[in-house]
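Take a look at the structure below.
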Amino acid sequence: MKDIQIKKSAEVYDIVIIGSGAGGGMAGYVLAHAGIKVLMLEAGPFFDPAKDSAQLKWPYESPRRGGNATRPMGDFDAAYGGWDIDGEPYTQKGDTDFKWFRAKMLGGRTNHWARISLRMGPKDFKCYSSFGAGDDWPITYDDIKPYYDKVDRLIGVYGSMEGMENDPDGIFLPAPKPRLNELFVKKAATGLGIKVIAGRGSVLTAPLPGNKDRGACFFCGQCNRSCKIYGDFSASSCLVIPAIKTGNLTVITNAVVREILTGSDGLANGVSYINKNDMQEYSVKAKTVILAAGTCESARILLNSKSPQHPNGLANNSSVVGKYLHDSTQTGGAAIMPQLLNRKRFNEDGVGSLHLYAPWWGDHKKLDFARGYHLEIFGGMMMPSYGGYFGFEGTLVPYINGYLPGADGKMKPGGGFGKSLKEDYRRFYGTMAGVGCHGTDIAKEDNYCEIDNSVVDKYGIPVLRFNYKWGDEEIKQARHMQQTTQEIIKAMGGIPLGQPVGADKNYGLDKPGKGIHEVGTVRMGDKAGKSALNKWCQAHDCKNLFVVDGAAFTQQSEKNPTWTILALSMRTAEYILDQKRKLNV
Amino acid sequence: MNRRESLKAIGLSVSTVVLLDACKTNPDVKTEDSKIVAEPGRQTYEAERDKHLLTEKYFTDHELATIMVLADIIIPRDEHSGSASDAKVADFIEFIVKDEPEHALPMRGGLRWLDVKCLNLYGSEFKSCTPQQQEAICSLIAYPMLAKPDMLPGVTFFNKMRELTAIGFFTSKIGIADLGYNGNSPGKWEGVPADVLKQYGLEGV
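These protein sequence lines map, in sequence, to chains A and B.
Its first residue numbered 67, the first sequence is counted upward by one per residue in this note's numbering.
Its first residue numbered 74, the second sequence is counted upward by one per residue in this note's numbering.
Here you go:
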């Protein structure tokens, strides 16, 4: 017997969905509930938060105390994968240093995220017309609003009604109250003329009307571990698992897609994949293919799906696939607040999403950059732990205890050891607060991922190579972010935990990819020559192929992309149902 | 969803054996030293890696004994809580230098630097010095802004040692109780208590 075979399944599925994250999960949910027989291929293992979440574990239950050695966001974080995955490399062009976060598992990257759930606004969909930068989408806010509304009702999101034009309100559950440190930030920012409002997050701060499968939040603040009672949004708990229950959705896990197969008519007719469990090659047949492997992986699959009908890769007659890759800009700052030394102890876990948020407040006509950013405010008495983005906040104590009088009112040299240092750890606990700044990156043709044909991964699939450079627009925005952060820290009387950096370091702008908001590689547009998808996320060159993840974005905004991915995917799934009824696909 | 439903839901074109493998619930498997090697929500390679690191030994007995003495100098027992060794900080440090190997060499070299410095100053390795001598040498390396240039290797080492000790201690049961962290339990978050808001004048914010 030969060791490797291609096993072809004779069954023809109505729809095959590649990927089980926000985009794939939503499409699967809508289609399975409509009675369509759907097959979903997921590159990683099954994951059910009810069973697999590390919620409520203590740091000492991890030998690394929550450290980042195997999971970049800490040992208890739900995401399998990370910036680098053994056997699945990616390469860089020139001095590019793009970071690609992958979560290979059911639910994809909805497992670890902060559940920040923002709608894009009317101006964001018309970025060029409104701000003179980027491109306009082929759809308007009014086109997508009914789907945002349905997503709010289906999944649940908290927030406050504000009536702001470009930060549209949703159908909100009650917003959680802020933590003490966050109130200090709010007071300082408000004094600088920045409007601070309640965060918007997909956490059930109250029971979700009409849903008996999900429990309401019990305020442990650990959404990134995923929730055992489904109190927050993960694509697994809220979309894929309910879709499986309809009996119409079949999920094959550990299925790494090699390419989308097409026939002599140029239409998609199936998908080939490797099963990680037996390392055999499989192919399945499909009448319609929905791609949602994640922005960069989706581009990779299309570019690797070459055929006589699609010699440039699938859906790529325009040659835009892989191009216009853009991630959020991000930087931020944190401070220790002396007024909070020896603060009173109480349970301040709150929710694991955002308590306070400042939508973009600037006017581009008065600034030297066109698009904006928002502030995410944080701080409080966090569970002492070594993992996550911040590590253990106590590690700062020996570096700052020399700047403030000790418990006895006297100054002493920074550092130390013994009872006095131990007392300092206690005094400084819970005194940190800060802001994260997350902004718009203008999509550029020159920022792209492409196939690096000289390198293959362990499955023999050619890998992605990245080319990415921040533009003037993003760097000027970062300078503004840094100024804002410093002003807020000064206004709240904080001791900043970092020094400002200059133009040589892009004013602290993080590496591209680190925002994990990358979108745009299979952009939608009205013109087939300049875009890969039409306004229904349907490939211009292949009418039974749809792309429903962040790849479809024409131009992101400073709002985090998940809620828009969900709304777009729902809209596309309903369009597919409509087209199936009309026998068009 | 129960196990049977998951099984039903997964894979039609996959053989039954593969199918069973794919969605095994991975009951906790105990090894001879009763460490868990597989558990829900963890990938096999993570469990295997942990098991391997827990059986491997990096520090010599002498180094570990020195770490314990140092850790207790950094975080001693006081009227609130126990010491670093009560919280088994040395076990954490032994694990973390294998888990994050960038700490391993600086720790080993730093410990040696300290022993040689003590031999030259006091005629004895660090752990066998008197408590007064131990405190005296620590004072020379524990205050970065005051340290003399020739003490810099010691300062660098002490910074790392202090950091790992604090992490090990304050993420232990004893350390978490000492800090007064009050969460990680189901409850209802209703905002900052009124008396605290009043204390900071934040009632209207």
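Where is the CB? At the ideal position from N, CA and C, for every residue including glycine.
Check, Outcome
"Local Cβ density within 10 Å of residue 82 of chain B, reported as buried at 16 or more and exposed below that", "For residue 82 of chain B, the predicted structure reports a pLDDT of 37, less than 50, and the residue's modelled location is therefore unreliable. A value from the coordinates is still provided. Answer is buried; the Cβ neighbour count reaches 16."
"Close-in-space but distant-in-sequence residues of the same chain around residue 108 of chain B (CB under 8 angstroms, 5 per side omitted)", "For residue 108 of chain B, the predicted model reports a pLDDT of 44, less than 50, meaning its position is unreliable and no value from the coordinates is stated."
"Distance, residue 391 of chain A Cα to residue 142 of chain A Cα", "30 angstroms"
"Residue 77 of chain A (DSSP reduced to helix, strand or coil)", "strand"
"Closest Cα partner of residue 427 of chain A within the set A:175, A:152, A:256, A:592", "A:256"
"Where residue 528 of chain A sits in the DSSP three-state scheme", "strand"
"Any chain A beta carbon closer than 7 angstroms to residue 259 of chain B", "yes"
"Below-7 angstroms beta-carbon distance, residue 449 of chain A vs any chain B residue", "yes"
"Per-residue DSSP class, three states only, for residue 395 of chain A", "strand"
"Span of the alpha helix (DSSP H) around residue 325 of chain A", "Careful: residue 325 of chain A lies outside any alpha helix (DSSP H), inside the beta strand (DSSP E) at 321-328."
"Within-7 angstroms CB hit, residue 482 of chain A to chain B", "yes"
"Sufficient close CB pairs (3 or more, under 8 angstroms) joining the stretch 182-201 of chain A to the stretch 273-290 of chain A", "no"
"Any chain B beta carbon closer than 7 angstroms to residue 646 of chain A", "no"
"Residues that DSSP places opposite residue 168 of chain A in a beta bridge", "A:148"
"For residue 265 of chain B, the three-state DSSP class (helix, strand or coil)", "coil"
"C-alpha distance - residue 270 of chain A paired with residue 624 of chain A, whole-angstrom precision", "24 angstroms"
"Range of the contiguous beta strand (DSSP E) that encloses residue 116 of chain A", "Counting along the chain, residue 116 of chain A falls outside any beta strand (DSSP E), though it belongs to the alpha helix (DSSP H) covering 115-118."
"Among B:199, B:254, B:234, B:255, nearest to residue 135 of chain B - alpha-carbon criterion", "B:199"
"Where residue 333 of chain A falls: helix, strand or coil (DSSP)", "coil"
"Chain B contact for residue 87 of chain A (CB, 7 angstroms cutoff)", "no"
"Within chain A, the residues that residue 218 of chain B reaches when beta carbons sit closer than 8 angstroms", "468, 479, 480, 481"
"Alpha helix (DSSP H) runs wholly inside the stretch 529-585 of chain A, at least 4 long, in chain order", "538-557"
"Contact with chain B by residue 476 of chain A, beta-carbon distance below 7 angstroms", "no"
"Any C-beta of chain A under 7 angstroms from that of residue 185 of chain B", "no"
"Whether residue 381 of chain A touches residue 608 of chain A by CB criterion (7 angstroms)", "yes"
"Residue 134 of chain A, enclosing beta strand (DSSP E) - first and last residue", "Here residue 134 of chain A belongs to no beta strand (DSSP E), and DSSP marks it neither H nor E."
"Beta-carbon separation (whole angstroms), residue 398 of chain A vs residue 439 of chain A, contact threshold 8 angstroms", "About 10 angstroms; that fails the 8 angstroms criterion."
"CB of residue 251 of chain A within 7 angstroms of CB of residue 424 of chain A, strictly", "no"
"Residue-chain proximity (residue 416 of chain A, chain C), Cβ-Cβ < 7 angstroms", "Here the protein chains are A and B, and chain C is not one of them."
"Which residues DSSP lists as bridging residue 274 of chain A, in chain order", "None; residue 274 of chain A has no bridge partner."
"Residue-level contact to chain A via CB, residue 207 of chain B, 7 angstroms cutoff", "no"
"Chain-ordered neighbours of residue 460 of chain A on chain B, where CB pairs are closer than 7 angstroms", "239, 243"
"Residues that residue 347 of chain A bridges to, as DSSP identifies them", "A:72, A:340"
"Neighbour list for residue 664 of chain A in chain B, Cβ cutoff strictly below 7 angstroms", "In the structure displayed, chain A extends from 67 to 651; residue 664 of chain A sits before or after that span and is not available."
"Short CB-CB distance (under 7 angstroms) between residue 423 of chain A and chain B", "no"
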